[in-house]
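> Protein chains in written order, with my numbering: chain A, 3 to 257; chain B, 4 to 296. For each residue, glycine too, the CB sits at the ideal point set by N, CA and C. Take this structure first; my questions come after.
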Amino acid sequence: MSNLSSDLVVRFENVGLRYGLGPEVLQDIYFELEAGSFHFLTGASGAGKSSLMKLMYMAMRPTRGLISLFGRDVAITSRKDLPNLRRRVGVVFQEYRLLDHLSTFDNVALPLRVADTREAEVRKHVEELLTWVGLENHMKAKPATLSGGQQQRVAIARAIIARPRLLLADEPTGNVDDRMAYRLMHLFEELNRLGTTVVIATHNQQLVERLAHPVLHLDEGHLQLPTKTRGIYQDNDGEDSRPAMPYDPDVLNYL
Amino acid sequence: MISRTDLPLDHDAHARFLPWLIAFMVYLAMLAMAGILVLNNTVTRWDRGISGTLTVQAMPADGSLDVDAKVLQDALAVLASTPGVLNVTLLDRDDTLALVEPWLGDMADESDLPLPRLIDVVIDPDAGIDTEALGRRLAIAAPGVSVDDHRVWLDRLVRLLQTLQWIAFSVVLVIFLVTIGTVIFTTRTGLAIHREAIHVLHLIGAYDSYVARQFASRALWLGLKGGAIGLAFAIPTLLAIGFFAERMQMETMESSGLQLPHYIAIGVLPIIVALIAMLTARTTVLRTLARMP
Chain A
3 MSNLSSDLVV RFENVGLRYG LGPEVLQDIY FELEAGSFHF LTGASGAGKS
53 SLMKLMYMAM RPTRGLISLF GRDVAITSRK DLPNLRRRVG VVFQEYRLLD
103 HLSTFDNVAL PLRVADTREA EVRKHVEELL TWVGLENHMK AKPATLSGGQ
153 QQRVAIARAI IARPRLLLAD EPTGNVDDRM AYRLMHLFEE LNRLGTTVVI
203 ATHNQQLVER LAHPVLHLDE GHLQLPTKTR GIYQDNDGED SRPAMPYDPD
253 VLNYL
Chain B
4 MISRTDLPLD HDAHARFLPW LIAFMVYLAM LAMAGILVLN NTVTRWDRGI
54 SGTLTVQAMP ADGSLDVDAK VLQDALAVLA STPGVLNVTL LDRDDTLALV
104 EPWLGDMADE SDLPLPRLID VVIDPDAGID TEALGRRLAI AAPGVSVDDH
154 RVWLDRLVRL LQTLQWIAFS VVLVIFLVTI GTVIFTTRTG LAIHREAIHV
204 LHLIGAYDSY VARQFASRAL WLGLKGGAIG LAFAIPTLLA IGFFAERMQM
254 ETMESSGLQL PHYIAIGVLP IIVALIAMLT ARTTVLRTLA RMP
């Protein structure tokens, strides 16, 4: 633990995961994500992308190995301390996981409300962000009445509303057209530029090629090291690839 | 407090019957509570009314008209040696005749009527004299002498009322327990139904207490609603019972009716039930979630 730099947002060491008594879906995973890095996570269906994401957003604990987030060993983090750790992580779930009975506004407001943010501030930020993702006319709509792409944007808005330090997105552009996909990617990059560490799991090879970010590739539960390194495993070379700009709490105002 | 919830607890079918169940519980609890208070009034009054005095009766032996003086002496000795007895007055024959005159008229003047002699005993109400034991001791020491029945009878009646009070109290307790059990069941069902939403809330960074707050405020609201319904039914019932009791000229109940403090005590019941429902829901959620990974 002592050699963990606080600059490391995610650190997996020898991690394995199995469901029940089944085979290991993830084997010997080792990787580190530096603060401010931007990675794509690719791999065929069933390669373990979602499982890896679940481990990172602490929906599951690994069957073996060490996972630390923000320098904290997740295995020895008590249940009481988990919420604080989770609030630093924004997640766009693959199946969105919006709360059906809540309006677009209330869904996006959730991360702020669970953190006891003042209602006036909640209103201001949520309206601002929903306008930015083009949902200003659907604030009161329930998820069921929204299209797949609109639901996806609600999910993304919910993931970034609390300005997470780590953003995990599982297929965040699967249901939107190319224009919206690039617009959302631009949003992620903007967040990244302001200091948020980003991991995006995607099938969209075109997107991966267009936006030259390092790629973590999963192949049948094994992780291949990044093909384009930029910003990770650079302990000896320095930190030039990291954004110079400090994390700005008012990130949304710049978007 | 109740304005906004992240979980659609209002729409849960299983939670809709909760106010009615609580209403029923509150209704029963209020009747039982009213019973306890009325009985308590009665017991206290009867106990106070009769506890300062005692009448001892000495019957003349068969064939004789008056009570043997030695028997009276023995009885007085027993009474004088009983702790808690403050004063003993032996009524003479004329006093006794005066007492029976309303029933027998002048006939009682005839001296050939065997008349019992009465001993008026003033006792310390706090000494807790066991009248039945005293009666046994008197009967042994002075044959034909007994403690007046009404005292023994009232003693038994007071004990019966006290037992009834305990039963009513147990009923209230059982009602509370059933309410707690129902709220636990409802809350657990709610947790199971909203498992996915709660999981999302957790992943977003909600503490267990955030989830518990939603269930607790809902339970408080449903509890108050149920309590209000129960109250709405219980008040007319109590008034009706009071009305009929009066009409039946039940003298014993005359001044044991409920007064304002009692109505307040009864009126607080729905609020207590609602608070219990809230605390139960909160505890249930926290305990259930703590067992999750």
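Applying the 10 Å Cβ sphere with the 16-neighbour rule, what's the burial state of T287(B)?
For the purposes of this step, residue 287(B) is taken as residue 284 along the second sequence, with counting starting at 1. It counts as buried.
> Could you tell me which uninterrupted alpha helix (DSSP H) segments, each at least 4 residues in length, are contained entirely in the stretch 97-171 of chain B, listed from first to last along the chain?
Counting only runs of at least 4 residues, the stretch 97-171 of chain B fully encloses the following alpha helix (DSSP H) elements, listed from N- to C-terminal order: 134-144.
> From the beta carbon of Y184(A), is the nearest beta carbon of chain B less than 8 Å away?
Within the first sequence, residue 184(A) is the residue found at index 182, counting from 1. So no, Y184(A) is outside the interface.
> Relative to the C-alpha of T166(B), which candidate in G38(B), I122(B), F20(B), A18(B) has its C-alpha closest?
The residue labelled residue 166(B) in the question sits at position 163 within the second sequence. It is G38(B).
> Can you find a CB in chain A that lies within less than 8 Å of the CB of D15(B)?
For the purposes of this step, residue 15(B) is taken as residue 12 along the second sequence, with counting starting at 1. Not one chain A Cβ lies under 8 Å of D15(B).
> How is L104(A) classed by DSSP in three states: helix, strand or coil?
Stepping through the first sequence from its first residue, residue 104(A) is reached at position 102. It is coil, neither helix nor strand.
> Going by C-alpha distance, which of A18(B), V186(B), D15(B), A32(B) is nearest S173(B)?
As a working note, residue 173(B) is residue 170 in the second sequence. The option with the nearest alpha carbon to S173(B) is A32(B).
> For V217(A), which beta-bridge partners are listed by DSSP?
Counting from 1 along the first sequence, the entry for residue 217(A) is found at position 215. Residue pairing by DSSP puts V217(A) in a beta bridge opposite F42(A).
> In the structure shown, what three-state DSSP assignment does Q236(A) receive?
Taking the first sequence and counting its residues from 1, the one referred to as residue 236(A) is at position 234. Because Q236(A) sits at a pLDDT of 40, beneath the cut-off of 50, its placement in the model cannot be relied upon, and the following sentence gives the value as read from the coordinates. In this structure, Q236(A) counts as coil in the three-state DSSP scheme.
> Would you mind listing the alpha helix (DSSP H) stretches within the stretch 77-145 of chain A that are 4+ residues and don't spill past its ends, in chain order?
84-88, 106-116, 121-134
> Suppose the cutoff is 6 Å on Cβ atoms and the five residues either side in sequence are ignored; what does the same chain contact list for N5(A) look like?
If you number the first sequence from 1, residue 5(A) lands on position 3. Unreliable placement is indicated for N5(A), whose pLDDT of 43 sits below 50; no coordinate value is reported for it.
> Hey, is A1(B)'s beta-carbon within less than 8 Å of any beta-carbon in chain A?
This structure cannot settle anything about residue 1(B), because the visible part of chain B is limited to 4 through 296.
> Secondary structure at N16(A), three-state DSSP: helix, strand or coil?
Counting from 1 along the first sequence, the entry for residue 16(A) is found at position 14. Residue state, collapsed to three classes: strand.
> Given this structure, state the Cα-to-Cα distance separating T45(B) from A35(B), to the nearest angstrom.
Along the second sequence, one-based indexing puts residue 45(B) at 42. Along the second sequence, one-based indexing puts residue 35(B) at 32. Approximately 15 Å, taken between the alpha carbons.
> Thinking C-alpha only, which one of P273(B), A61(B), R285(B) is nearest S149(B)?
Looking up residue 149(B) in the second sequence gives position 146. For the residues P273(B), A61(B), R285(B), the minimum Cα distance to S149(B) belongs to A61(B).
> State the start and end residues of the unbroken alpha helix (DSSP H) segment that holds T286(B).
Here residue 286(B) refers to the residue found at position 283 of the second sequence. Run containing T286(B): 263-293, per the alpha helix (DSSP H) assignment.
> Is the Cβ-Cβ distance between T106(A) and L84(A) less than 8 Å?
For the purposes of this step, residue 106(A) is taken as residue 104 along the first sequence, with counting starting at 1. For the purposes of this step, residue 84(A) is taken as residue 82 along the first sequence, with counting starting at 1. In this structure, L84(A) does not lie closer than 8 Å to T106(A) by Cβ.
> Just to check my reading of the structure: V125(B) and T56(B) have Cβ atoms closer than 8 Å, yes? What is that Cβ distance to the nearest angstrom?
In the second sequence, counting from the first residue as 1, residue 125(B) sits at position 122. In the second sequence, counting from the first residue as 1, residue 56(B) sits at position 53. Contact flag correct, Cβ pair sits at about 6 Å.
> Hey, out of A101(B), I201(B), A248(B), whose CA is closest to M295(B)'s CA?
Residue 295(B) sits at position 292 when you count from the first residue of the second sequence. Answer by Cα proximity: I201(B).
> Using a Cβ-Cβ cutoff of 7 Å, what residues of the stretch 100-119 of chain A are near chain B? List them in chain order.
L101, H103, L104, L112, P113, V116, A117
> Can you pull the chain B residues whose beta carbon is under 7 Å from the beta carbon of Y59(A), in chain order?
Sequence index remark: in the first sequence, residue 59(A) carries index 57 (1-based). Within 7 Å Cβ-Cβ: L206.
> Quick one: measure Cβ to Cβ for A159(A) and L131(A), integer angstroms, because I've assumed they're closer than 8 Å.
Looking up residue 159(A) in the first sequence gives position 157. Looking up residue 131(A) in the first sequence gives position 129. Between L131(A) and A159(A) the Cβ distance is about 5 Å, and since that is below 8 Å, they are a contact.
> Would you report the Cα separation of L225(B) and P11(B), rounded to the nearest angstrom?
Your numbering for residue 225(B) matches position 222 in the second sequence. Your numbering for residue 11(B) matches position 8 in the second sequence. So the two alpha carbons sit approximately 14 Å from each other.
> Does the distance from the CB of L35(A) to the CB of V27(A) come in under 8 Å?
Residue 35(A) sits at position 33 when you count from the first residue of the first sequence. Residue 27(A) sits at position 25 when you count from the first residue of the first sequence. No, the Cβ-Cβ distance between L35(A) and V27(A) is not below 8 Å.
> Return no unless some Cβ of chain B is closer than 8 Å to the Cβ of P174(A).
On the first sequence, residue 174(A) is found 172 positions in, with the first residue counted as 1. Contact of P174(A) with chain B is not assigned, every C-beta pair being separated by 8 Å or more.
> Which residues share a DSSP beta bridge with R66(A)?
What you label residue 66(A) is simply residue 64 of the first sequence in a count that begins at 1. Answer is G18(A).
> The beta strand (DSSP E) that contains N90(B), what's its start and end?
Counted from its first residue, the second sequence places residue 90(B) at position 87. That run of the beta strand (DSSP E) goes 88-93.
> Between D172(A) and S70(A), which are expected to be in contact by the criterion C-beta below 8 Å, what is the C-beta distance as a whole number of angstroms?
Taking the first sequence and counting its residues from 1, one reaches residue 172(A) at position 170. Taking the first sequence and counting its residues from 1, one reaches residue 70(A) at position 68. That belief does not hold up - the Cβ atoms of D172(A) and S70(A) are roughly 21 Å apart, past 8 Å.
> Under 8 Å between C-beta atoms, does V200(A) make it to chain B?
Taking the first residue of the first sequence as position 1, residue 200(A) is located at position 198. No, V200(A) does not count as interfacial toward chain B.
> Let me see if you follow: with CB-CB separation under 8 Å, is R74(A) close to chain B or not?
The residue labelled residue 74(A) in the question sits at position 72 within the first sequence. For R74(A), the answer is no, since every Cβ of chain B falls outside 8 Å of its Cβ.
> Which stretch, first to last residue, makes up the alpha helix (DSSP H) that contains V70(B)?
As a first step, residue 70(B) is located in the second sequence; it is residue number 67 there, counting from the start. Taken as a continuous stretch (DSSP letters only), V70(B) belongs to no alpha helix (DSSP H), as it is neither H nor E.
> For G50(A), which residues in the same chain have their Cβ closer than 6 Å to its Cβ, ignoring the five residues on either side in sequence?
Translated into positions along the first sequence, residue 50(A) becomes position 48. If we look at G50(A) and ignore the five residues flanking it on each side, its Cβ neighbours are V27, L28, L220, G223.
> Counting only Cβ pairs nearer than 9 Å, list the residues of chain A close to V203(B).
Position 200 of the second sequence, counted from the first residue, corresponds to residue 203(B). Per Cβ cutoff of 9 Å: F95, R99, L100, L101, L112.
> Does any C-beta atom of chain B lie closer than 8 Å to the C-beta of P85(A)?
Here residue 85(A) refers to the residue found at position 83 when the first sequence is read from its first residue. So yes, P85(A) belongs to the interface.
> Any contact of the stretch 140-158 of chain A with the stretch 96-105 of chain A, i.e. 3+ C-beta pairs under 8 Å?
yes
> Report the three-state DSSP secondary structure of T185(B) (helix, strand or coil).
Against the second sequence, residue 185(B) aligns to sequence position 182. It is helical.
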